[in-house]
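Novice:
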Amino acid sequence: MGRSPCCDKAHTNKGAWTQEEDQKLIDYIKAHGEGCWRSLPRAAGLLRCGKSCRLRWINYLRPDLKRGNFTDEEDELIVKLHVLLGNKWSLIASRLPGRTDNEIKNYWNSHIKKKLLGQGIDPRTHQPTASSAAPFSTIQPHKDSQMPLDMDNAAKCSATDDTDQTTSNNTSGHDDKEVTDDFNLDLDLSISLPHCSSRQPPPSKPLTMLSTTATQSISRYTRELCLCSHLGFESCETCSSS
DNA sequence: AAGGGGGCCAACCGCGCAAAC
DNA sequence: CGTTTGCGCGGTTGGCCCCCT
């Protein structure tokens, strides 16, 4: 059993990309567009795995990438989105134009984690660490919860399924109603349109939307999906109106 | 000045999912 | 309807660079 390898590893380059390889990839995508990463390397004259080409393009060569340091606003937004989505870097990246999931993931691990720990906040649960009784200035997913919300399921659901939004994905055995009653999250997010990069499918799929005070300002979006339902909560007005 | 350690980031790996067959 | 194929994702690794001693 097992999967067949994605490419012939014996005949592919690995490691850092050369300028020449970059240029070949750029030229090819400019001429033919993205798509069929598996056959792209051969067509472009690259001795690379298709996955490697895709990653290189998405994370480094794409023309719409915003290079450079993260702004305070981006920083804050990443933290807020992580509260809701957990380690769903691609979803988080979709809210940060010009940023890639890899970039955000690296930034989280190298900067934000430490920053939160320094504030006495557990970066995984966003709860104050056991040793810290310091005032809690960031977002609390659930004020009484001992466990983090099942963000993984929620994000998985929000990313893949728009057909059964009212069905609870609660696998943790928590009482949905109880959680709903206590959940009072005011994020005041400023959220841009999902970044319409090539990696994101055109918005034929629902946009994952956050149930926050930002809801009003985002209502202009053509298709909305409230995360409430995906978090296993009762539908809010946004959910029910869509 | 050298080298050791730690941080950062690009790239790889393996798995899950969905479409195609 | 089961299997195969391709894509995308999250986690991890490895190498480069910078700082400190």
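Note that my numbering has the first sequence beginning at 890, numbered continuously upward. Heads up, the beta-carbon is just placed ideally off N, CA and C, and yes, glycines get one too.
Closer than 8 Å is the cut-off here; do at least three beta carbon pairs connect the stretch 959-966 with the stretch 918-925?
Specialist: Segments in contact, no.
Novice: Comparing C-alpha positions only, which one of E910, H1015 and L914 sits nearest to L973?
Specialist: Comparing Cα-Cα distances from L973 to each of E910, H1015 and L914, the minimum goes to H1015.
Novice: Would you call the stretch 964-981 and the stretch 931-949 touching, i.e. three or more CB-CB distances under 8 Å?
Specialist: Taking 8 Å as the limit for Cβ pairs, the verdict is that the stretch 931-949 does not touch the stretch 964-981.
Novice: Are Y949 and A933 close, meaning C-beta to C-beta below 8 Å?
Specialist: Result no, Cβ atoms of Y949 and A933 do not sit closer than 8 Å.
Novice: With a threshold of 16 other CB atoms inside 10 Å of the CB of G904, please say whether the residue is buried or exposed.
Specialist: Exposed: under 16 other Cβ atoms inside 10 Å.
Novice: So, helix, strand or coil for R930, using DSSP?
Specialist: In the sequence as presented, Arg is not what sits at residue 930; that position holds Pro. Helix, per DSSP.
Novice: Less than 8 Å separating the beta-carbons of V964 and G987?
Specialist: The sequence shown places Asp at residue 964, rather than the Val named in the question. No, they are not a contact pair.
Novice: Should T901 and R937 be called a contact, given that it needs their Cβ atoms to be closer than 8 Å?
Specialist: It is a contact, given that the beta carbons lie within the stated cut-off.
Novice: Would a C-beta distance cut-off of 8 Å place I967 and I1001 closer than the cut-off?
Specialist: Yes, the Cβ-Cβ distance between I967 and I1001 is below 8 Å.
Novice: Which value, in whole angstroms, describes the spacing of the CA atoms of H971 and W946?
Specialist: Distance between the alpha carbons of H971 and W946 is about 25 Å.
Novice: How should S1006 be labelled, buried or exposed, when 16 other C-beta atoms within 10 angstroms of its C-beta is the threshold for buried?
Specialist: Residue identity differs from the one stated: residue 1006 is Leu in this sequence, not Ser. L1006 comes out exposed.
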